[in-house]
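Written below as C-alpha cells is the structure these notes are about.
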Amino acid sequence: MMKIEPSILPSLAWFALIVRAGSFSRAASEMGITRAALSQNLKSLEERLNTKLIYRTTRNMSLTEEGQHLYEVLVSALGQIDDALKDVGDTQLEPTGLLRINSSRVAARMLVEPHIGEFL
Numbered sequence: 001m002m003k004i005e006p007s008i009l010p011s012l013a014w015f016a017l018i019v020r021a022g023s024f025s026r027a028a029s030e031m032g033i034t035r036a037a038l039s040q041n042l043k044s045l046e047e048r049l050n051t052k053l054i055y056r057t058t059r060n061m062s063l064t065e066e067g068q069h070l071y072e073v074l075v076s077a078l079g080q081i082d083d084a085l086k087d088v089g090d091t092q093l094e095p096t097g098l099l100r101i102n103s104s105r106v107a108a109r110m111l112v113e114p115h116i117g118e119f120l
C-alpha cells in the first residue's frame, strides 16, 4: 500500500472541486482564492503526479484519461470521508446505548418517570 503524503490531500480536494465546478473561475470563487492560485496548485499537483490531469485553454477545460480516473476515485473517497465525519459528528450529538438507573421506587416515580420519555 502506498503511503499518502498528508500535504497532497488539499491539492486532491481542490482538483475535485475544479472538476465539480466545471471551471477554474467558479472553483476559485467557491474557495475564496484567486484563479491563478488555483491554477498554480493544479500545476504543482500535475508535476507531483508526473501526469497531466486537465487540458486547459483560455475558454474551456477537459479531463485527461488520468484526470477522469483520479476524479472518479476521489469522488468515492471524499464521499466516504464525508460520511465518516458525519457519523462521528452524529454520535457526539446524540448519545446511544443502554441507560441503567438504580433507585428506590419513590425516587423512580418522582424523578425518573417524568423524564424517561426524553430517552426513548
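Numbering (UniProt numbering), first residue to last: 1 to 120.
Cβ coordinates follow ideal geometry from the N, Cα and C atoms, glycine included.
Quantities reported herein were computed from a predicted structural model and do not represent experimental measurements.
Residue i and residue j: beta carbons closer than 8 Å?
i: LEU53; j: LEU38; result: no
i: THR34; j: ALA28; result: yes
i: ARG56; j: ILE8; result: no
Output the boundary residues of the beta strand (DSSP E) element that contains residue i.
i: ARG26; result: Careful: ARG26 lies outside any beta strand (DSSP E), inside the alpha helix (DSSP H) at 24 to 31.
i: SER104; result: No beta strand (DSSP E) holds SER104; DSSP gives it neither H nor E.
i: ARG56; result: 54 to 56
i: LEU120; result: Premise fails: LEU120 is in no beta strand (DSSP E) and is neither H nor E.
Hey, residue i and residue j are a contact pair by Cβ (cut 8 Å); roughly how many whole angstroms apart?
i: LEU17; j: GLU30; result: 7 Å
i: PHE119; j: LEU98; result: No, PHE119 and LEU98 are not in contact; Cβ-Cβ is about 10 Å, not under 8 Å.
i: GLU72; j: THR51; result: Not really, about 15 Å apart at Cβ, beyond 8 Å.
Spell out whether any CB of chain B is found under 8 Å from the CB atom of residue i.
i: ARG100; result: Considering every chain present, this structure includes no chain B. It has just one protein chain.
Locate the alpha helix (DSSP H) running through residue i, then write down its first and last residues.
i: SER11; result: 9 to 21
i: LEU49; result: 35 to 49
Residues in its own chain within less than 7 Å of residue i by CB, not counting five upstream and five downstream?
i: VAL75; result: ALA16
i: GLU46; result: LYS52 and LEU53
Using C-beta distances below 8 Å, list every residue in its chain close to residue i, excluding the 5 sequence neighbours before and after it, in chain order.
i: GLU5; result: none
i: SER103; result: LEU111 and VAL112
Residues in its own chain within less than 6 Å of residue i by CB, not counting five upstream and five downstream?
i: ALA36; result: none
**Asked** Should the region 56 to 69 be regarded as contacting the region 107 to 120, the criterion being three or more beta carbon pairs within less than 8 Å?
**Response** Judged by Cβ distances under 8 Å, the region 56 to 69 makes no contact with the region 107 to 120, as fewer than three pairs qualify.
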